[in-house]
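Engineer:
2 protein chains.
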Amino acid sequence: MKKHNFNAGPSILADEVIENAAKAILDFNGSGLSLLSISHRTKDFDDVMAEADVLFRELLHIPDNYKIIYLGGGASTYFYEIPANFLGRKAGYVNTGVWAKKAIKEAKRYGEVEVLASSEDRNFTYIPKGFAIPADLDYVHITSNNTIYGTEYHEDLSSPVPLIADMSSDILSRPVDVSKYAMIYGGAQKNLAPAGVAFAIIREDMLDRIVRDLPTMMSFRTHVENNSMFNTPPVFPIYVLKETLKWLKSIGGVDEIYRRNKEKAALLYDEIDRNPLFRGTVEKEDRSLMNICFVMAEGCEELAPEFMEFAKSRGMVGIKGHRLVGGFRASCYNALPKESVEALVACMQEFAEAHKK
Amino acid sequence: MKKHNFNAGPSILADEVIENAAKAILDFNGSGLSLLSISHRTKDFDDVMAEADVLFRELLHIPDNYKIIYLGGGASTYFYEIPANFLGRKAGYVNTGVWAKKAIKEAKRYGEVEVLASSEDRNFTYIPKGFAIPADLDYVHITSNNTIYGTEYHEDLSSPVPLIADMSSDILSRPVDVSKYAMIYGGAQKNLAPAGVAFAIIREDMLDRIVRDLPTMMSFRTHVENNSMFNTPPVFPIYVLKETLKWLKSIGGVDEIYRRNKEKAALLYDEIDRNPLFRGTVEKEDRSLMNICFVMAEGCEELAPEFMEFAKSRGMVGIKGHRLVGGFRASCYNALPKESVEALVACMQEFAEAHKK
Numbered sequence: 099m100k101k102h103n104f105n106a107g108p109s110i111l112a113d114e115v116i117e118n119a120a121k122a123i124l125d126f127n128g129s130g131l132s133l134l135s136i137s138h139r140t141k142d143f144d145d146v147m148a149e150a151d152v153l154f155r156e157l158l159h160i161p162d163n164y165k166i167i168y169l170g171g172g173a174s175t176y177f178y179e180i181p182a183n184f185l186g187r188k189a190g191y192v193n194t195g196v197w198a199k200k201a202i203k204e205a206k207r208y209g210e211v212e213v214l215a216s217s218e219d220r221n222f223t224y225i226p227k228g229f230a231i232p233a234d235l236d237y238v239h240i241t242s243n244n245t246i247y248g249t250e251y252h253e254d255l256s257s258p259v260p261l262i263a264d265m266s267s268d269i270l271s272r273p274v275d276v277s278k279y280a281m282i283y284g285g286a287q288k289n290l291a292p293a294g295v296a297f298a299i300i301r302e303d304m305l306d307r308i309v310r311d312l313p314t315m316m317s318f319r320t321h322v323e324n325n326s327m328f329n330t331p332p333v334f335p336i337y338v339l340k341e342t343l344k345w346l347k348s349i350g351g352v353d354e355i356y357r358r359n360k361e362k363a364a365l366l367y368d369e370i371d372r373n374p375l376f377r378g379t380v381e382k383e384d385r386s387l388m389n390i391c392f393v394m395a396e397g398c399e400e401l402a403p404e405f406m407e408f409a410k411s412r413g414m415v416g417i418k419g420h421r422l423v424g425g426f427r428a429s430c431y432n433a434l435p436k437e438s439v440e441a442l443v444a445c446m447q448e449f450a451e452a453h454k455k
Numbered sequence: 099m100k101k102h103n104f105n106a107g108p109s110i111l112a113d114e115v116i117e118n119a120a121k122a123i124l125d126f127n128g129s130g131l132s133l134l135s136i137s138h139r140t141k142d143f144d145d146v147m148a149e150a151d152v153l154f155r156e157l158l159h160i161p162d163n164y165k166i167i168y169l170g171g172g173a174s175t176y177f178y179e180i181p182a183n184f185l186g187r188k189a190g191y192v193n194t195g196v197w198a199k200k201a202i203k204e205a206k207r208y209g210e211v212e213v214l215a216s217s218e219d220r221n222f223t224y225i226p227k228g229f230a231i232p233a234d235l236d237y238v239h240i241t242s243n244n245t246i247y248g249t250e251y252h253e254d255l256s257s258p259v260p261l262i263a264d265m266s267s268d269i270l271s272r273p274v275d276v277s278k279y280a281m282i283y284g285g286a287q288k289n290l291a292p293a294g295v296a297f298a299i300i301r302e303d304m305l306d307r308i309v310r311d312l313p314t315m316m317s318f319r320t321h322v323e324n325n326s327m328f329n330t331p332p333v334f335p336i337y338v339l340k341e342t343l344k345w346l347k348s349i350g351g352v353d354e355i356y357r358r359n360k361e362k363a364a365l366l367y368d369e370i371d372r373n374p375l376f377r378g379t380v381e382k383e384d385r386s387l388m389n390i391c392f393v394m395a396e397g398c399e400e401l402a403p404e405f406m407e408f409a410k411s412r413g414m415v416g417i418k419g420h421r422l423v424g425g426f427r428a429s430c431y432n433a434l435p436k437e438s439v440e441a442l443v444a445c446m447q448e449f450a451e452a453h454k455k
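As you go down the protein sequences, you meet chains A and B in turn.
For my numbering, add 98 to where a residue sits in the first sequence, where the first one is 1.
For my numbering, add 98 to where a residue sits in the second sequence, where the first one is 1.
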């Protein structure tokens with residue numbers, strides 16, 4: 099049976115990316131060697147890094163005064179490295195749930211943290227707006243999309259201080275004005291790559307704002323200056339990231355994927371809003387295009403396990419909601435085909451029909 | 099033409115491991131999903147982690163009071179995390195070259211470092227022995243095998259203080275008495291996996307010796323307590339590591355691979371010693387079984403580029419010596435077949451024959 103992969107991350111990648119990855123493992127570029135067995139200090143891998151750089155810049159319109167790095171670890175590594183590098187006195191954080199909270203917790207080790215806004219009062223079901231950003235902060239940090247609650251910023255924030263965004267779960271899913279950010283970072287295991295690589299796009303002048311003498315591996319300067327090759331980088335995940343960028347370009351780039359993502363999300367949110375058995379959990383204007391959260395409607399709660407089983411029997415994978423929200427979460431990342439959303443919608447309709455009163 | 103992969107790392111993996119990796123990417127365990135697209139929080143991946151744990155323990159006879167963790171980053175990450183966790187006052191380091199030096203540099207940020215012994219006086223061509231280890235150190239750190247200079251400890255050190263060893267390049271290549279170590283760690287991209295995962299084997303009581311309140315991701319306690327799942331682990335590299343452990347067990351385990359490694363190394367060192375055109379660079383008793391370094395003999399130095407070309411024409415890959423040593427380096431990791439060493443030896447013999455005076 100065809101599987102519809104709604105995993106929240108690691109998550110679906112394009113079929114051709116997966117096929118190319120398998121091929122490269124058996125024979126990389128006709129070299130007679132596996133991609134897993136080559137040195138990272140070879141022309142072939144330099145080419146992979148260079149191609150990824152060109153594609154990433156092109157797709158996201160990254161200005162020349164930004165550098166892209168790829169490291170092991172994940173966003174959780176950046177949660178402490180960002181304040182270690184940039185938090186001298188005080189930073190501002192916006193609290194939109196679990197990931198923001200983790201970032202805040204680590205930042206407090208390095209200096210004062212001002213929580214500029216929070217949506218905790220309503221279990222993180224919306225994105226706070228209209229808050230002031232004091233001009234004396236070292237930086238302000240946001241999580242552009244929250245995978246657990248299914249909230250997403252739909253506009254780039256304007257900030258008088260360097261704006262740093264964790265875009266782990268919505269990078270390259272929509273156009274972003276990179277010039278409004280001092281740094282964009284994230285784990286790559288949603289829209290870009292398998293687990294095992296984290297990316298950062300850093301405006302060069304931020305390297306002059308590093309406030310501490312840090313262990314070599316913790317300083318962003320190290321990785322920028324060494325083009326992510328200070329130590330052995332995660333070769334295979336970076337290769338798959340490059341293949342994903344290539345795929346994204348081939349289908350029309352960020353504008354096209356944004357159109358598709360809006361279309362997929364509209365299909366599913368419309369069904370959630372229309373179907374009497376379900377309801378969405380997030381303020382409509384802040385609904386994520388990537389992680390679509392819904393629960394059984396009031397009075398139908400007891401049907402949840404049955405719907406889960408029914409959906410599974412139709413090939414739906416990974417639609418269990420996070421335990422902090424409950425219900426269901428359909429992650430609709432870039433590589434998820436519209437057909438999978440249609441299949442889920444059909445499931446919901448059929449289920450509602452079967453339970454008509 | 100058949101390639102003989104002598105890369106220093108990332109390096110050769112067994113053919114069946116590579117084949118299984120490619121298969122799992124196309125369809126993991128008959129799930130209809132790629133290994134690259136599954137959640138790390140699934141029964142299937144729990145099974146991968148559990149199987150890796152059982153195999154690693156069995157192959158290296160790891161006692162029950164040790165925990166194994168797998169993280170992103172590499173040995174370079176551990177270079178600062180080890181002193182951050184364990185260096186309260188003073189630690190001892192043995193300097194056997196580049197990697198030890200990097201570890202020493204990072205440790206100095208956290209406390210006093212006493213270099214107990216060094217082989218720098220003769221360009222790191224031997225392993226220092228017979229040095230005293232003061233009983234008041236927080237720990238002593240060694241690099242069990244130096245990939246660049248081709249030196250290796252052939253006996254487990256006895257230490258009155260916790261012994262920590264970077265075994266990036268010789269883990270599972272020979273029997274080790276794990277109980278003599280407080281911690282064994284390394285990047286996995288030589289004998290275990292592709293680039294992108296670093297392992298550590300930590301004696302449990304070391305977690306009570308953590309001297310600092312650290313960022314969550316930097317504390318070894320976090321990763322032990324969360325079974326390497328505090329954040330998304332590098333799923334694919336861990337899977338390949340598990341497959342490599344399975345392969346190693348299938349061929350007879352560490353005793354058998356040690357026999358093969360000694361046999362391969364003897365073949366090549368014998369040729370180096372016998373062949374008038376070449377000479378080894380390391381004290382015989384400290385020669386590495388993993389990284390075999392040699393240069394042109396005195397008076398023949400100008401033949402080096404010609405030999406390099408000749409070897410390449412015969413399918414040899416990755417035999418250029420590190421720039422700090424020059425000459426040649428044949429890395430003969432676990433997965434390198436004896437036939438590749440024989441092919442290199444044949445190359446050397448043929449080259450010598452052609453240059454007979």
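Yeah, the Cβ is synthetic: ideal placement off N, Cα and C, and Gly gets one too.
No experiment lies behind these values; they were computed from the predicted model shown.
Closer than 8 Å, CB to CB, is H102 of chain A near chain B or not?
Structural biologist: Mapped onto the first sequence, residue 102 of chain A falls at position 4. Any Cβ of chain B closer than 8 Å to the Cβ of H102 of chain A would place that residue at the interface, and such an atom is absent.
Engineer: For R207 of chain A, which residues in chain B fall below 9 Å Cβ to Cβ?
Structural biologist: Locating residue 207 of chain A in the first sequence gives position 109, counting from the first residue. Near R207 of chain A (Cβ distances below 9 Å), the residues of chain B are D311, L312 and P313.
Engineer: Can you name, in chain order, every residue of its own chain whose Cβ lies under 8 Å from the Cβ of D236 of chain B, other than the five neighbours on each side?
Structural biologist: For the purposes of this step, residue 236 of chain B is identified with residue 138 of the second sequence, where counting begins at 1. Within the same chain, D236 of chain B has close Cβ partners F184, L185, G186, R187, K188, A189, G209, V259, P260, R307 and V309.
Engineer: Where does H102 of chain B sit, in a helix, a strand or coil, going by DSSP?
Structural biologist: Along the second sequence, read from residue 1 onward, the residue named residue 102 of chain B stands at position 4. Three-state DSSP puts H102 of chain B in a strand.
Engineer: Does the beta carbon of S267 of chain A come closer than 8 Å to any beta carbon on chain B?
Structural biologist: In the first sequence, the residue the question calls residue 267 of chain A occupies position 169. Not closer than 8 Å to any Cβ of chain B, the Cβ of S267 of chain A fails to qualify, so no.
Engineer: Since K100 of chain A contacts V415 of chain A with CB under 8 Å, what's their CB separation in whole angstroms?
Structural biologist: Position 2 of the first sequence holds residue 100 of chain A. Position 317 of the first sequence holds residue 415 of chain A. Their Cβ separation, rounded to whole angstroms, is 10 Å, which puts K100 of chain A and V415 of chain A out of contact at 8 Å.
Engineer: For the alpha helix (DSSP H) that contains S174 of chain A, what are its first and last residues?
Structural biologist: Translated into the one-based positions of the first sequence, residue 174 of chain A becomes position 76. Per DSSP, S174 of chain A belongs to the alpha helix (DSSP H) from A173 to F184.
Engineer: Look at A402 of chain A and L387 of chain A and say whether their C-beta atoms are less than 8 Å apart.
Structural biologist: Residue mapping note: residue 402 of chain A aligns to position 304 of the first sequence, counting from 1. Residue mapping note: residue 387 of chain A aligns to position 289 of the first sequence, counting from 1. Not in contact: A402 of chain A and L387 of chain A (Cβ atoms no closer than 8 Å).
Engineer: What number of angstroms, rounded off, separates the C-alpha of S174 of chain A from the C-alpha of V295 of chain A?
Structural biologist: By one-based count along the first sequence, residue 174 of chain A stands at place 76. By one-based count along the first sequence, residue 295 of chain A stands at place 197. Answer to the nearest angstrom: the Cα atoms are 12 Å apart.
Engineer: Pull up the distance between the alpha-carbon of N221 of chain A and that of A263 of chain A, whole angstroms please.
Structural biologist: In the first sequence, residue 221 of chain A corresponds to position 123, counting from 1. In the first sequence, residue 263 of chain A corresponds to position 165, counting from 1. For N221 of chain A and A263 of chain A, the distance between alpha carbons rounds to 21 Å.
Engineer: Between D275 of chain A and D254 of chain A, how many whole angstroms is the CB-CB distance? I'm expecting something under 8 Å.
Structural biologist: Counted from its first residue, the first sequence places residue 275 of chain A at position 177. Counted from its first residue, the first sequence places residue 254 of chain A at position 156. Confirmed, Cβ separation roughly 5 Å.
Engineer: Is P332 of chain A near I136 of chain B, with beta carbons less than 8 Å apart?
Structural biologist: Within the first sequence, residue 332 of chain A is the residue found at index 234, counting from 1. Within the second sequence, residue 136 of chain B is the residue found at index 38, counting from 1. In this structure, I136 of chain B does not lie closer than 8 Å to P332 of chain A by Cβ.
Engineer: Looking at C-alpha atoms only, which residue of A:A106, A:I123 and A:S217 is the closest neighbour of E117 of chain B?
Structural biologist: Reading the second sequence from its first residue, position 19 is the one you call residue 117 of chain B. Sorting A:A106, A:I123 and A:S217 by C-alpha distance to the C-alpha of E117 of chain B places A:I123 at the top.
Engineer: In the DSSP assignment, find the beta strand (DSSP E) that holds N193 of chain B and state where it starts and stops.
Structural biologist: As a working mapping, residue 193 of chain B is identified with position 95 in the second sequence. Counting along the chain, the beta strand (DSSP E) containing N193 of chain B begins and ends at K188 to N193.
Engineer: With burial defined as no fewer than 16 other Cβ atoms inside 10 Å of the residue's Cβ, what is the status of V439 of chain A: buried or exposed?
Structural biologist: Taking the first residue of the first sequence as position 1, residue 439 of chain A is located at position 341. With 16 or more other Cβ atoms within 10 Å, it is buried.
Engineer: Could you tell me whether any Cβ in chain A is nearer than 8 Å to the Cβ of L134 of chain B?
Structural biologist: Residue numbering aside, residue 134 of chain B sits at position 36 when the second sequence is read from its first letter. For L134 of chain B, the answer is yes, since a Cβ of chain A falls inside 8 Å of its Cβ.
Engineer: Contact check, M394 of chain B vs G425 of chain B under 8 Å by CB: the rounded distance?
Structural biologist: Here residue 394 of chain B is taken as the residue at index 296 of the second sequence, counted from 1. Here residue 425 of chain B is taken as the residue at index 327 of the second sequence, counted from 1. That pair is a contact at about 7 Å.
Engineer: What residues from the stretch 271-298 of chain A come within 9 Å of chain B, judged by C-beta to C-beta, listed N to C?
Structural biologist: The residues in question are G285, Q287, A291, P292, A293, G294, V295 and A296.
Engineer: List, in chain order, every chain A residue whose beta-carbon is nearer than 8 Å to that of L124 of chain B.
Structural biologist: Working through the second sequence from its first residue, we reach residue 124 of chain B at position 26. Within chain A, the residues near L124 of chain B are I116, E117 and A120.
Engineer: With distance defined between alpha-carbon atoms, name the residue in A:S411, A:A286, A:R421 and A:F405 nearest to A452 of chain A.
Structural biologist: To locate residue 452 of chain A, count along the first sequence from 1; it is residue 354. Taking only the C-alpha atoms, the option nearest A452 of chain A is A:F405.
Engineer: The alpha helix (DSSP H) with S411 of chain B in it runs from where to where?
Structural biologist: Translated into the one-based positions of the second sequence, residue 411 of chain B becomes position 313. Bounds of the alpha helix (DSSP H) holding S411 of chain B are A402 to S411.
Engineer: Does the beta carbon of Y251 of chain A come closer than 8 Å to any beta carbon on chain B?
Structural biologist: By 1-based counting over the first sequence, the position of residue 251 of chain A is 153. Cβ-Cβ to chain B under 8 Å: no for Y251 of chain A.
Engineer: Excluding the 5 residues preceding and the 5 following Y224 of chain B in the sequence, name in chain order all residues of the same chain whose CB lies nearer than 6 Å to its CB.
Structural biologist: Translated into positions along the second sequence, residue 224 of chain B becomes position 126. These residues qualify, in order along the chain: S217, E381 and D384.
Engineer: What is the residue span of the beta strand (DSSP E) that H138 of chain B lies within?
Structural biologist: Within the second sequence, residue 138 of chain B is the residue found at index 40, counting from 1. Counting along the chain, no beta strand (DSSP E) covers H138 of chain B, and no H or E run does either.
Engineer: Return yes when the Cβ of L366 of chain A is within less than 8 Å of the Cβ of A286 of chain A, no when it is not.
Structural biologist: Position 188 of the first sequence holds residue 286 of chain A. Position 268 of the first sequence holds residue 366 of chain A. The answer is no: Cβ separation not under 8 Å.
Engineer: Whole angstroms is fine: what's the gap from T330 of chain B's alpha carbon to E399 of chain A's?
Structural biologist: Indexing the second sequence from 1 puts residue 330 of chain B at position 232. Indexing the first sequence from 1 puts residue 399 of chain A at position 301. Going by the C-alpha atoms only, they are around 31 Å apart.
Engineer: CB N243 of chain A to CB I355 of chain A, shorter than 8 Å?
Structural biologist: Against the first sequence, residue 243 of chain A aligns to sequence position 145. Against the first sequence, residue 355 of chain A aligns to sequence position 257. Contact: no.
Engineer: Find the nearest neighbour of P161 of chain A within the set A:I299, A:A198 and A:S326, judged by alpha-carbon distance.
Structural biologist: Residue mapping note: residue 161 of chain A aligns to position 63 of the first sequence, counting from 1. Checked all of A:I299, A:A198 and A:S326; the closest Cα to P161 of chain A is A:I299.
Engineer: For G207 of chain B, which residues from the same chain have a beta carbon less than 8 Å from its beta carbon, with the 5 sequence-adjacent residues on both sides left out?
Structural biologist: Position 109 of the second sequence, counted from the start, is the residue given in the question as residue 207 of chain B. It is worth fixing the name first, because residue 207 of chain B is Arg in this sequence and not Gly. For R207 of chain B, same chain residues with a beta-carbon under 8 Å away, outside a window of 5 residues either side, are Y178 and P181 in chain order.
Engineer: Looking at T342 of chain A and A112 of chain A, is the spacing between their C-beta atoms short of 8 Å?
Structural biologist: Sequence index remark: in the first sequence, residue 112 of chain A carries index 14 (1-based). Sequence index remark: in the first sequence, residue 342 of chain A carries index 244 (1-based). Using a Cβ distance threshold of 8 Å, A112 of chain A and T342 of chain A count as a contacting pair.
Engineer: Run through the DSSP bridge pairs and tell me what N244 of chain B is partnered with.
Structural biologist: Residue 244 of chain B sits at position 146 when you count from the first residue of the second sequence. The beta-bridge partner set that DSSP reports for N244 of chain B consists of B:T249.
Engineer: Below 7 Å between beta carbons is the criterion; list the residues of the stretch 188-212 of chain B that meet it against any residue of chain A, in chain order.
Structural biologist: E204 and R207
Engineer: What residue range is occupied by the uninterrupted beta strand (DSSP E) comprising S216 of chain B?
Structural biologist: Translated into positions along the second sequence, residue 216 of chain B becomes position 118. Unbroken beta strand (DSSP E) run through S216 of chain B: E210 to S216.
Engineer: Going by DSSP, what residues sit across from A296 of chain B in a beta bridge?
Structural biologist: Here residue 296 of chain B refers to the residue found at position 198 when the second sequence is read from its first residue. DSSP output for A296 of chain B lists B:L169 and B:G285 as bridge partner(s).
Engineer: Exposed or buried, which one is H159 of chain A when buried takes at least 16 other CB atoms within 10 Å?
Structural biologist: On the first sequence, position 61 is the one that residue 159 of chain A refers to. With fewer than 16 other Cβ atoms within 10 Å, it is exposed.
Engineer: Along the chain, where does the alpha helix (DSSP H) containing N373 of chain B start, and where does it finish?
Structural biologist: Sequence index remark: in the second sequence, residue 373 of chain B carries index 275 (1-based). From DSSP, N373 of chain B is part of no alpha helix (DSSP H); its letter is neither H nor E.
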